[in-house]
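What follows is the structure in structure tokens.
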């Protein structure tokens, strides 16, 4: 394992984990593991007003269900903890002082209403208000107040700290390499002096993010496209501390099912689709997650891995281990990728097929064993038939019942679609006789016996198969008929066929 490769997922616990956040976590996990490195979880809870303990639990539980297990994090610790920003306050205070002493940051004492007035004035002129190199000397800060005034205001705690982004006469453009998008050029004259330390004594996201990434030795920062506007500030903070910046990569958006606009949490309700890995419930509504809908965690991981990345060939079905081996950051696309729920269901069907019938039987054993129609030795065969016909594992039991069920009403309803001639009824009676005499019941023997009866009575195979299916199941179509007959107990087969003959004769 490489000691130099370290990637992190750093969610803010102000709300539940959305599918976009899950993909970010997954890509960080896959990159770290494909390069032999470590994956870290860090909880970015600097916004204490919006912090939600339930949201943190939802995030961690979602990752755990998906198999995205961190090497270090708030639950399992590590060498670079604490892994919650609220527990790292002293680190930030020390680092802020370093920037103030170097002149790269400064105290600002402006009142909120004063800044609001300035914004309104700018809006009247059709301009955007920005606090930066052009006007910072018009406000109450370290550049305009005396040392005595500054000390007095600091003692009251009524201040913020701003980052000095640019000074007139300095180089006004920087270029930052993005591993997905190439060189990103930024004009520093257009940036504002961001607040990096708040009045409540907590750092802003921007400052804490950079400090933590450095102190935790993060080698790659892989995050959503929405963080591109913050890239220049983060890069400048590294330079101000004389730290080597990590490699940056900004992921494409996940788009709505229509392909237009970023997928939002509200779209789940709008389109009737899950947007959370596991269920989230707020004060007014419950939002069902992929897990509760019935998705396998492996299929969800497979699905979201391909929203914005491709392996370079036609392969679509991946296990988590296969994704680790195949994943390459260079194959992440720049443009947005659409959320296709039908495709998600298809992935689940494919992953369901890979689960052995024996394993599924362990989950359904109590329900299936209660059914007296099924030959006990053929239960896994029934499950194999059923899992090919459903979207989710939880539908398998009902599909098993559907396959082997029998309803007189169905026979009557489909009778008009079948021409039950005397020859066909004679064939069925001959088949019943062979059932009673057979020592072993298996699909090959059943098929051979029935086809012999059809041949003897000069009946086309298609006509004979339709007749037998309706008489046995009441249905016109379904899985392989002789496999179904093999599954159902012999005495049940005979009773059904004899009852069907009676219904037809009546």
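In this note's numbering, the protein residues as written are 4 to 509.
Where is the CB? At the ideal position from N, CA and C, for every residue including glycine.
Chain-order list of residues whose beta-carbon lies under 8 Å from that of residue i (same chain, five-residue window excluded)
i: residue 107; result: 166, 167 and 243
i: residue 230; result: 253
i: residue 236; result: 166, 168, 194, 197 and 209
i: residue 446; result: 483, 485, 486, 488 and 489
i: residue 410; result: 477
i: residue 99; result: 108, 164, 199, 200, 206 and 210
Nearest-angstrom Cα separation, counted from residue j out to residue i
i: residue 385; j: residue 448; result: 18 Å
i: residue 487; j: residue 378; result: 10 Å
i: residue 307; j: residue 26; result: 6 Å
i: residue 326; j: residue 33; result: 7 Å
i: residue 209; j: residue 248; result: 14 Å
i: residue 504; j: residue 404; result: 23 Å
i: residue 399; j: residue 314; result: 32 Å
i: residue 298; j: residue 9; result: 30 Å
i: residue 56; j: residue 213; result: 24 Å
i: residue 489; j: residue 288; result: 47 Å
i: residue 435; j: residue 317; result: 49 Å
i: residue 84; j: residue 77; result: 8 Å
i: residue 362; j: residue 396; result: 11 Å
i: residue 264; j: residue 337; result: 15 Å
i: residue 211; j: residue 47; result: 8 Å
i: residue 356; j: residue 391; result: 7 Å
i: residue 344; j: residue 413; result: 34 Å
i: residue 429; j: residue 393; result: 36 Å
i: residue 368; j: residue 82; result: 45 Å
i: residue 364; j: residue 6; result: 43 Å
i: residue 433; j: residue 452; result: 9 Å
i: residue 60; j: residue 116; result: 37 Å
i: residue 97; j: residue 200; result: 12 Å
i: residue 471; j: residue 507; result: 13 Å
i: residue 500; j: residue 309; result: 50 Å
i: residue 51; j: residue 359; result: 47 Å
i: residue 215; j: residue 177; result: 23 Å
i: residue 246; j: residue 101; result: 13 Å
i: residue 53; j: residue 124; result: 30 Å
i: residue 475; j: residue 366; result: 28 Å
i: residue 79; j: residue 402; result: 42 Å
Spatially closest choice to residue i from the options, by CA coordinates
i: residue 68; options: 126, 379 and 29; result: 29
i: residue 239; options: 279, 188 and 203; result: 188
i: residue 431; options: 502, 278 and 381; result: 502
i: residue 330; options: 37, 150 and 58; result: 37
i: residue 65; options: 280, 255, 482 and 368; result: 280
i: residue 304; options: 260, 353 and 274; result: 353
i: residue 480; options: 469, 489 and 490; result: 469
i: residue 283; options: 6, 18 and 7; result: 18
i: residue 233; options: 346, 60, 190 and 472; result: 190
i: residue 226; options: 241, 255, 200 and 206; result: 255
i: residue 463; options: 475, 433 and 426; result: 426
i: residue 285; options: 409, 54 and 58; result: 58
i: residue 228; options: 215, 500 and 183; result: 183
i: residue 408; options: 122, 473 and 192; result: 473
i: residue 443; options: 328, 101, 380 and 365; result: 380
i: residue 333; options: 245, 181, 366 and 450; result: 181
i: residue 415; options: 509, 79 and 119; result: 509
Spatial neighbours of residue i in its chain, beta-carbon cut-off 6 Å, leaving aside the 5 residues before and after
i: residue 112; result: 143, 156 and 162
i: residue 260; result: 274 and 342
i: residue 223; result: 10, 249 and 250
i: residue 302; result: 350, 351 and 354
i: residue 179; result: 187, 234 and 238
8 Å contact criterion, which residue i and residue j should meet: CB distance rounded
i: residue 492; j: residue 376; result: 6 Å
i: residue 24; j: residue 14; result: 6 Å
i: residue 495; j: residue 438; result: About 11 Å separates the two Cβ atoms, so there is no contact after all.
i: residue 104; j: residue 204; result: That pair is no contact at about 19 Å.
i: residue 335; j: residue 311; result: 6 Å
i: residue 258; j: residue 339; result: 4 Å
i: residue 94; j: residue 218; result: 7 Å
i: residue 262; j: residue 202; result: The Cβ separation is near 43 Å, so there is no contact.
Own chain residues within Cβ distance below 7 Å of residue i, not counting five before or after
i: residue 62; result: 14, 16 and 20
i: residue 277; result: 271, 291, 292, 293 and 296
i: residue 522; result: The structure shown does not extend to residue 522, since the chain is modelled only from 4 through 509, so no value can be given for it.
i: residue 370; result: 400
i: residue 140; result: 146 and 147
i: residue 406; result: 385, 388, 389, 481, 482 and 487
Residue i: CB within 7 Å of a non-hydrogen atom of the ligand ADP
i: residue 214; result: By its list of ligands, the structure shown contains no ligand whatsoever, and the ligand ADP lies outside what it can speak to.
Inter-stretch contact (C-beta, 8 Å, three-pair minimum) for the segment 129 to 144 and the segment 188 to 199: yes
Meets three-Cβ-pair contact criterion under 8 Å: the segment 253 to 269 and the segment 316 to 331: no
Stretch-stretch touch, CB-based, cutoff 8 Å, three pairs: the segment 66 to 81 with the segment 39 to 48: yes
Contact between the segment 78 to 92 and the segment 124 to 131 (3+ Cβ pairs under 8 Å): no
Segment contact, 8 Å Cβ cut-off, at least three pairs: the segment 410 to 422 with the segment 455 to 462: no
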